[in-house]
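Okay, structure first, notes after.
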Amino acid sequence: MIEQERNKDIRVEEVNRKQLYNSCIRPNNLFIPNYSPLPPRPKSELSRRPSISLTDSTVLQGEAGCGSNSGRFTIKYDNTEYVVDERSCDTDNSIAGSEEDTYNNYHNFDCNDEKPNEKEQQQQKRFGEMALETVKRLRYILHQLNSGQLPLEDLKRNIEYAALVLETAYMDETRRICDEDDDLAEVTPEAVPEEVREWLAATFTRQAVQPKREKPKFKSVANAIRTGIFFEKIFRRTQVVLAPIPNEYKGYLRNINNWNFSSFELDEFTNGHALKYVGFEIFNRYGFLERFKINVQILEHFLLALEVGYSKHSNPYHNCVHAADVTQTSHWILSQTGLASTLTDLELLAVLFGALIHDYEHTGHTNNFHIQSGSNFALVYNDRSVLENYHASSVFRLMKDEEKNIFERLSRDEFRDIRNMIIEIVLATDMSTHFVQIKTMKNMLTLPEGIDKMKALCLIVHACDISHASKPWDLHYRWTEGVLEEFFRQGDLEASMGLPYSPLCDRHTTHVAESQIGFIDFIVEPTMVVCGEMLTKMVEPLVSLPSSDSL
868 MIEQERNKDI RVEEVNRKQL YNSCIRPNNL FIPNYSPLPP RPKSELSRRP
918 SISLTDSTVL QGEAGCGSNS GRFTIKYDNT EYVVDERSCD TDNSIAGSEE
968 DTYNNYHNFD CNDEKPNEKE QQQQKRFGEM ALETVKRLRY ILHQLNSGQL
1018 PLEDLKRNIE YAALVLETAY MDETRRICDE DDDLAEVTPE AVPEEVREWL
1068 AATFTRQAVQ PKREKPKFKS VANAIRTGIF FEKIFRRTQV VLAPIPNEYK
1118 GYLRNINNWN FSSFELDEFT NGHALKYVGF EIFNRYGFLE RFKINVQILE
1168 HFLLALEVGY SKHSNPYHNC VHAADVTQTS HWILSQTGLA STLTDLELLA
1218 VLFGALIHDY EHTGHTNNFH IQSGSNFALV YNDRSVLENY HASSVFRLMK
1268 DEEKNIFERL SRDEFRDIRN MIIEIVLATD MSTHFVQIKT MKNMLTLPEG
1318 IDKMKALCLI VHACDISHAS KPWDLHYRWT EGVLEEFFRQ GDLEASMGLP
1368 YSPLCDRHTT HVAESQIGFI DFIVEPTMVV CGEMLTKMVE PLVSLPSSDS
1418 L
C-alpha cells in the first residue's frame, strides 16, 4: 500500500511538471522560442489521459506514463487543439493561443495507476530544467519590454510574478485545518478598563465555535494552470467596456491606489454617491464588465440600489461611505501588494463585491443587541452571525430583479462558485470570529504549506473592515465619531427597552480614548501584523527574482 501511494505521488509529480512546462498559453503574435505546434491527435490515442478542465471551452490534457506516447500534451483552447511534444522543444516555433477570456474553474484531476518506466523516470528529472527554461522565456519577454519592443511597462511586475510561480508550481499545496479557539487571554485586566475588556469580549469573541470542515487539497497542477491562464490574461487585446464616470470625478478617483484615500471627500464631491463611483472605478479597473459581460445599466441600477439599502437606517457609521472605504482599502491591498496577480477574475470579483455589500441594510445595531432583544433577525438566523447572514441574503435577493442582477451572464458553475465565496467573505466580517481568524492564520504561517486562499481573502476584507485606525488621524477621528454615535443610539434604545447597556453604548459613562486604545492595541494592530505576514508569505516569493539583466 505504501509503495502504491509512493508510485502514485511520483506520477502526480510527473503530471505536475509536464503541465508546468506546457501551461504558458500566450496571445497571438508574441514569440517565445522553443515551442512547437503539432497536428491534433486522434481521439483514440487520448483515451488513457488524465485531464484538467478549466472551463467548458478550455481543456489542457496530458499523459502520465503511457509508454511510447509519454511526453506529449494537448492544449485544447477555443475549439483548437495544439499538441506539445517534449521531443520537439528545440525548434523555434510557437503556439498561438486565442484571446478569449476563459480562465476559471479548474477541476477534475485524475491519474492512472501505472508505474512509470525507466525512460519516464529520466524524463521526470528533466522537468526541473524545463521549468527553469520556461522562466528564461519569460525573462526574454522582460528583456523585450526593457528594450522598448513591447511598451507594456505596467506588466513587468506581473510577468515576474508569473515567472516565479512557474518555478515553484510543482510544489504541492495542502490546506490545514487549524484549531479555532477564541482567545482574549492576552488582554489582561490591568491593560484596559473592565468596560473596554467586556466590549472586546462581547464583540470579538463568540461562545460557540462552528464545526471544522474538511477542505480539499490544492495540487501544484492547479497553480501551473492558473499561471498559464494569468499569463495570457495580462496580454489580452480586447475593446474594454467601461462604466460612465464624469470627467470631474475621474481626477479624484485616480487617488484610489492611495492608502490615505478619503471616501468622505469623494462622497461630498459626488453629492452622496461615493459607493456608486467607487464601484464604477473598481469594475472598470479590473475589467469586470468585459470579462463577465455585465451590462453597464444593470451595474448602475445595482449600485444605486446598494446606496438605498445602506441609507435605509441613516446610520452614522455603517453606511455607503463605510462600504466605499472598505472596498477601496480591499482594492489597495490586492493591487499594491501584487496579490491580485495571483487570483482569478472570479476570485477578484468575489472579494471586491463582498467588500461592497458586506454591510448592506445594516440596522445600526450589533448582533448581540439582536440576540438579547430577540429581534426578527435573530429569530430568522438562529443567533448565528445574524447581520452578516442578513447582508448576504438580502443582496442575493436584490439581484432576483433582472434589472439589478449583475451576475446574470455568469455560467452556472461560475455563479455557484462566486456565491459560495461571497457568503464566506461576508460571514467572516462577523466580529465574533475575529480571534478565530487570527489564530487560524497564525497557525498557517508556521506551516510549510501555502496559505489557504479563502481564509486569506476573508481575513483581508475583515482587516479592511476595521482598518480606519490605521489611516491618517483625520479619517480615524471621523470614523470613531460615527461608530460611537451609532453605539450610543443603540444604548439609548436599550435603555428605552429596559435592557442593560451593551459595552461602550452608554453615552454618559463611555471612555472614548480608552476604548480606542483597547481597540487599536488588541484588535487592529495584531490584525494588521498578521495580515502583513500573511501577504508576505503569499507574495514575497513571487517578487524575489533575479534581475532581468542576467539574461
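Count along the sequence shown from 1, then add 867; that gives the number in my numbering.
Even glycine gets a Cβ: it sits at the ideal position worked out from N, Cα and C.
Just so we're clear, the structure is a prediction, and the values are computed from it rather than from any experiment.
Measuring alpha carbon to alpha carbon, tell me which of Ile1008, Met1298, Pro1367 ends up nearest Cys1325.
The option with the nearest alpha carbon to Cys1325 is Met1298.
Who are the Cβ neighbours of Ile1238 in its own chain at under 6 Å, not counting the five residues just before and after it?
Cβ neighbours of Ile1238 beyond the five flanking positions: Ala1245, Asp1250.
Quick check on the burial criterion: 16 or more other C-beta atoms within 10 angstroms. Buried or exposed for Met1401?
Buried is the call here.
Quick one: what does DSSP say Leu1277 is sitting in, helix, strand or coil?
Here DSSP, grouped into helix, strand and coil, assigns Leu1277 to coil.
Could you tell me the alpha carbon to alpha carbon distance between Asp1319 and Asn1234, rounded to whole angstroms?
One C-alpha to the other measures close to 27 Å.
Do Ala1217 and Met1308 have their CB atoms nearer than 8 Å?
No, these two residues do not count as a Cβ contact at 8 Å.
With 16 as the cutoff for other CB atoms within 10 Å, does His1375 come out buried or exposed?
His1375 comes out exposed.
Let me check understanding here. Comparing Cα to Cα, which of Lys1338, Glu1269, Phe1354, Gly1146 lies closest to Leu1109?
Comparing Cα-Cα distances from Leu1109 to each of Lys1338, Glu1269, Phe1354, Gly1146, the minimum goes to Gly1146.
Same chain, Cβ closer than 6 Å to Ala1191, five either side skipped, listed in chain order:
Within the same chain, Ala1191 has close Cβ partners Ser1130, Ala1141, Leu1142, Val1145.
Out of Phe1354, Glu1270, Thr1296, state which residue places its alpha-carbon closest to the alpha-carbon of Val1163.
Comparing Cα-Cα distances from Val1163 to each of Phe1354, Glu1270, Thr1296, the minimum goes to Glu1270.
Gly1385 vs Asp1373 beta-carbon contact at 8 Å
Cβ atoms of Gly1385 and Asp1373: not closer than 8 Å.
How far does the alpha helix (DSSP H) with Met1308 in it extend, from its first residue to its last?
Per DSSP, Met1308 belongs to the alpha helix (DSSP H) from 1301-1312.
Neighbourhood of Glu1381 by C-beta distance below 8 Å, restricted to the same chain and skipping five residues each side
The residues are Val1059, Pro1060, Val1063.
Presumed contact (8 Å Cβ cut-off) between Ile1305 and Val1397, rounded CB distance:
With 8 Å as the limit, Ile1305 and Val1397 qualify as a contact, their Cβ atoms being about 6 Å apart.
Under 8 Å between C-beta atoms, does Thr1403 make it to chain C?
As a matter of chain content, chain C is missing from the structure shown, which is built from one protein chain.
Our contact map puts Ile1149 next to His1225 with C-beta atoms below 8 Å; I'd like the distance itself, whole angstroms only.
Not really, about 14 Å apart at Cβ, beyond 8 Å.
If we call anything under 8 Å between Cβ atoms a contact, is Ser1240 one with Leu1133?
No, Cβ-Cβ distance for Ser1240 and Leu1133 is not below 8 Å.
Does DSSP put Arg1419 in a helix, a strand or coil?
For residue 1419 there is no data in the structure shown, the boundaries of the chain being 868 and 1418.
Can you list, in chain order, the residues of its chain whose CB lies under 7 Å from that of Phe1220, leaving out five sequence neighbours each side?
For Phe1220, where only same-chain residues beyond five positions count, the Cβ hits under 7 Å are Ile1289.
For Ser1242 and Ile1112, the rounded distance between their alpha carbons:
C-alpha separation (whole angstroms): 41 Å.
What three-state label does DSSP hand Arg1374 in the structure shown?
Correct three-state label for Arg1374: coil.
If you draw a straight line from the C-alpha of Pro1393 to the C-alpha of Ser1369, how long is it?
Distance between the alpha carbons of Pro1393 and Ser1369: 24 Å.
For a test of the three-state rule: what should DSSP assign to Phe1128, helix, strand or coil?
If DSSP states are grouped into helix, strand and coil, Phe1128 belongs with coil.
Per DSSP, what kind of secondary structure is Met1405 in: helix, strand or coil?
Correct three-state label for Met1405: helix.
Looking at the unbroken alpha helix (DSSP H) that takes in Phe1389, where does it start and where does it end?
Element bounds for Phe1389: n/a, residue is neither H nor E.
Are three or more beta carbon pairs between the stretch 1172-1187 and the stretch 1344-1362 nearer than 8 Å?
The stretch 1172-1187 is in contact with the stretch 1344-1362.
Closest to Cys1228 by C-alpha separation, out of Leu1213, Phe1159, Leu1265, Val1406, would be which residue?
According to the sequence as given, residue 1228 is Glu; it is not Cys. Checking every option, the nearest Cα to that of Glu1228 belongs to Leu1265.
May I have the straight-line CA-CA distance separating Pro1408 from Thr1209, to the nearest angstrom?
The straight-line gap from Cα to Cα measures roughly 12 Å.
Extent of the continuous alpha helix (DSSP H) to which His1168 belongs
Per DSSP, His1168 belongs to the alpha helix (DSSP H) from 1163-1177.
Give the range of the alpha helix (DSSP H) segment to which Tyr1116 is assigned.
Here the alpha helix (DSSP H) through Tyr1116 covers 1114-1120.
For Tyr1344, count neighbouring Cβ atoms within 10 angstroms of its own Cβ and tell me buried if that reaches 16, exposed if not.
Exposed is the call here.
Tell me where the alpha helix (DSSP H) around Glu1228 begins and ends.
Counting along the chain, Glu1228 sits inside no alpha helix (DSSP H), nor does DSSP assign it H or E at all.
Measuring alpha carbon to alpha carbon, tell me which residue in Asn1138, Leu1120, Ser1178, Leu1171 is nearest Asn1151.
Closest option to Asn1151, Cα to Cα, is Leu1120.
With DSSP as the reference, label Ser1369 as helix, strand or coil.
Three-state result, Ser1369: coil.
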